[in-house]
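Trainee: Reminder that position 138 of the sequence shown reads as 992 in the working numbering, one-by-one numbering, no gaps.
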Amino acid sequence: MYLIERSQLVPARLEETFRFFEDPHNLAKITPDWLRLEIVKTDPPPVHAGYEIEYRIRWLGLSRRWHTLITEYEPGCRFVDVQTREPYRFWRHEHSFESVSEQTLMRDRVEYELPFGVLGQIAHRLVVARQLRQLFDHRAAKVSKLFAK
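Below, the structure is given as C-alpha cells:
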C-alpha cells in the first residue's frame, strides 16, 4: 500500500473552495493535459455519499475508464472517493477542508495499491510514483492560479 499526503493553503473562503472541489467537472481544470481526463458519466447533482463518477483517462498511451464512488460526504468539511473499478487495485482519496481566516487549508490523503504484485511494485518505482507526484504538483499550481486574488 502506498500513501500520498498533500496540503495547500487556498486563497479563498471555505465555501467557495469546497464547492469547486466537490464538482467532478472541475477535476479536468486541475488535471495535467497528458492524462486527457474526461468525465464520461456522473450521477445528477448534488454530490452525496453514494454519488458515482465515471472518467476516461489516457495513461501510457492507453485509454482507461476509471469508476469512483463518494463513500463519505460532509458538506463544507470533507469527502472521500474510492475507486470501484480500474486502474488501481485499491484507491481511496480523502479530501478535507478547514477554514483558516479568509482562506482554506485543503488536505489530500490518498492510499493506493497497484495490481500485478511485483510487476506493480516495479511499475510504481519506475513510473507511477513520479507521475502521481507530477499530477499533484500540477494540481497545486493550477489551484493557486485559479484562486489567485
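Every residue, glycine too, gets a C-beta built ideally from N, C-alpha and C.
The structure displayed is predicted, hence computed values, not measured ones.
Per DSSP, which residues does H949 bridge with? Please list them.
Mentor: F933 and D962
Trainee: Just mark P900 as buried or exposed, buried being the case when its beta carbon has 16 or more other beta carbons within 10 Å.
Mentor: exposed
Trainee: Whose C-alpha, out of F944, H949, P929 and L980, is nearest the C-alpha of M960?
Mentor: H949
Trainee: Assuming S998 is part of the alpha helix (DSSP H), what are its boundary residues?
Mentor: A983 to L1000
Trainee: Identify whether F944 lies in helix, strand or coil by the three-state DSSP scheme.
Mentor: Correct three-state label for F944: strand.
Trainee: Going by the beta-carbon positions, is the gap between L857 and E965 smaller than 9 Å?
Mentor: Against a cut-off of 9 Å, the Cβ pair of E965 and L857 comes out as a contact.
Trainee: Which residues share a DSSP beta bridge with L863?
Mentor: L959
Trainee: Looking only at its own chain, which residues have a Cβ that is under 7 Å from the Cβ of E876, when we skip the five neighbours before and after it?
Mentor: Excluding positions up to five away in sequence, the list reads V901 and F933.
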